[in-house]
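Using our numbering, the first residue of the sequence shown is number 3, and each one after it goes up by one. Even for Gly, the Cβ is constructed at its ideal location relative to N, Cα and C. Quick caveat: nothing in here was measured; it's all calculated off a predicted structure. Quick notes on the structure that follows.
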Amino acid sequence: MSNLKIQPTLSHSTLKILLQQKQKTKSFRTAKLLVLSFLLFYSSALLSQNNKRAFTGGEVLKYEIYYGFISGGEAVLRVNEQQFNGKPAYHLYLNGKTVGIANTLYNVNDTYESFTDVETHWPFYSIRNIHEGRYRHYSTQTWDHWSREDSSIVISSKTGKVIVEKGCQDILSSFYFLRNIMLTMPPLQQDQVITIPTYFTDEKYPLSVRFKGYETIKTDIGYVKCMKFMPVVLTGRVFKTKDDMTIWFSNDENFIPIRVKFNIFVGSVYCDLVEYKGLANKFTALKKGR
């Protein structure tokens, strides 16, 4: 399937197949999921044909993490191009850790990795390696998106085999997938919601982000024109309300995460971009002054 080329216009035979699938669907929910899966794959195919991407191998984004006004951590997002089981792949890497006094108090060093197909951006393999104080967690997920027509398979090292939605993402790959999907989307409307099926912490979890408009924010690298989103988060253990997380993406063809803000029980946490290199496109959202 990774070599399949989808043309911008659908043939009569393709339309006929889609209509037959719709007629066989037992419920409106199942039909909606099939359409969503098709649209996500179709958008990825268009990106592949146009050779237009929001990111590419060699991109490195570095962040500083603030607990209130105190700088207490750092994070890095990195993309490398390599082979995975003989197939071209992106190796996505995220590491976040505490530094200084915060490291003495909390000692956090978390790493997420994902190997994804360069055409569909669906994950092949995922790693979650968590060090938080005395807590340790290491797990892997192996993904099969190609052996079933209507769904995908994920095999977790902790819980075994699970059937998930077609093209389901892990938590790290979902953000890169979202960046590419936004390249082909029409202008977003206020409060429009984008949902991507994910499998995270051994649970099916639809990642939904709500568009809240445009905003220019001041950062250490300059003023950046941004698109503001609020992911719908789970309340209870960490977040008080479903609107306690906000992400600002650059309003250009890179869609870089510029700032992430968390309102959690212990206060506010900010994650700000402080360094970047290897962008796929010109950074047109960056302005040195107002």
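For the region 270-277 and the region 57-77, state whether three or more C-beta atom pairs, one from each stretch, are separated by less than 8 Å.
yes
Find the nearest neighbour of residue 145 within the set 135, 129, 139 and 134, judged by alpha-carbon distance.
129
Since residue 94 is in the beta strand (DSSP E), which residue starts that stretch and which ends it?
89-100
So what does DSSP say about residue 159, is it helix, strand or coil?
coil
Look at the Cβ atom of residue 181, then the Cβ atom of residue 117, and state whether they are nearer than 8 Å.
no
From the DSSP output, in three-state form, read off residue 203 for me.
coil
Taking contact to mean at least 3 C-beta pairs separated by less than 8 Å, is the region 246-263 in contact with the region 194-203?
no
How many whole angstroms separate the CB atoms of residue 127 and residue 177, which I take to be in contact at a CB cut-off of 8 Å?
Contact doesn't hold; Cβ gap of about 17 Å is too wide.
Start and end of the beta strand (DSSP E) containing residue 79?
72-86
Have a look at residue 90 and residue 183 and give me their C-alpha separation to the nearest angstrom.
20 Å
Residue 208: buried (16+ other C-beta within 10 angstroms of its C-beta) or exposed?
exposed
I'd like to know whether the C-beta atoms of residue 226 and residue 212 end up nearer to each other than 8 Å.
no
Since residue 174 and residue 96 should fall inside the 8 Å C-beta cutoff, what is the C-beta to C-beta distance between them, to a whole number of angstroms?
6 Å
Reference residue 136; option with closest CA among 125, 192 and 109
109
Report the rounded CA-to-CA distance for residue 163 versus residue 94, giving the unit in angstroms.
23 Å
Would you mind reading off the limits of the alpha helix (DSSP H) that contains residue 178?
173-186
Assign residue 190 to one of three DSSP states: helix, strand, or coil.
coil
Within 10 angstroms of its Cβ, does residue 159 collect 16 or more other Cβ (buried), or is it exposed?
exposed
Would you list the one or two residues that DSSP bridges to residue 129?
115 and 142
Less than 6 Å between C-beta atoms, sequence neighbours within five positions excluded: which residues of the same chain meet that for residue 58?
282
Just grab the DSSP bridge partners of residue 249 for me.
231 and 262
Where does residue 289 land, buried or exposed, given buried means 16+ other C-beta within 10 angstroms?
exposed
Can you tell me which of the three DSSP states residue 25 falls into?
Here the model assigns residue 25 a pLDDT of 47, short of 50, so the residue's position is not dependable, and the following value carries that caveat. Helix at residue 25.
In the DSSP assignment, find the unbroken beta strand (DSSP E) run with residue 62 in it and report its ends.
62-69
If I measure Cβ to Cβ from residue 99 and keep anything under 8 Å in the same chain, skipping five residues before and after, which residues do I get?
75, 76, 77, 105, 110, 111 and 112
Spell out the partners DSSP gives residue 212 in its beta bridges.
195 and 232
Under the DSSP definition of a beta bridge, which residues are partnered with residue 103?
According to DSSP, which records beta bridges pairwise, residue 103 is partnered with nothing at all.
Taking 8 Å as the cut-off, decide whether the C-beta atoms of residue 278 and residue 62 are in contact.
yes
Quick check on the burial criterion: 16 or more other C-beta atoms within 10 angstroms. Buried or exposed for residue 88?
exposed
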